[in-house]
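In this note's numbering, the protein residues as written are 106 to 219. We treat Cβ as the ideally placed atom computed from N, Cα and C, and that holds for glycine. Owing to the predicted nature of the structure, the values given are computational and were not obtained by experimental measurement.
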Ligand code: FES
C-alpha cells in the first residue's frame, strides 16, 4: 500500500500499486475534471506530480501529452498508476474557480468595510 496526497485539498488516501490516480481520487471523493471516461483522449485530467514516485508514462500517454508537460511532471490522472511508493499530486484549479473565488473575496472585503 502507498499513500497518495491530493493538493490543494490536502487529503491522503491509501492505494494499491497499479491503481490509477483517477480511481484513487474518485475513492477519496476528489473531483478531477474529465470527459472521456479515462481513455486518454480529453486530456482534462492533468495533474502535477509534486513529489514521490508514480508509474512511467505509458506509450499512449507519451503519444497524447506534449513532451514538455511530461518533463514538468504533468501527467494524466487516468493513465498514471500508483507504485509502492508514496506520492503527492496537485490538481490544478480551474481558471473559473479562481475568478469566482477572487470576486467573492473582494465582495467579502467590501462588506467588512461597511
Ligand atoms: S480522463 Fe480523459 S484524458 Fe484522462
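Per DSSP, the unbroken beta strand (DSSP E) holding residue 118 starts and ends at 116-120. Per DSSP, the continuous beta strand (DSSP E) segment holding residue 107 begins and ends at 107-112. With the rule of 3 Cβ pairs closer than 8 Å, the stretch 175-195 counts as touching the stretch 151-160.
When the beta-carbon positions are compared, residue 166 and residue 184 come within less than 7 Å of each other.
For residue 129, the uninterrupted alpha helix (DSSP H) run begins and ends at 126-132, by DSSP.
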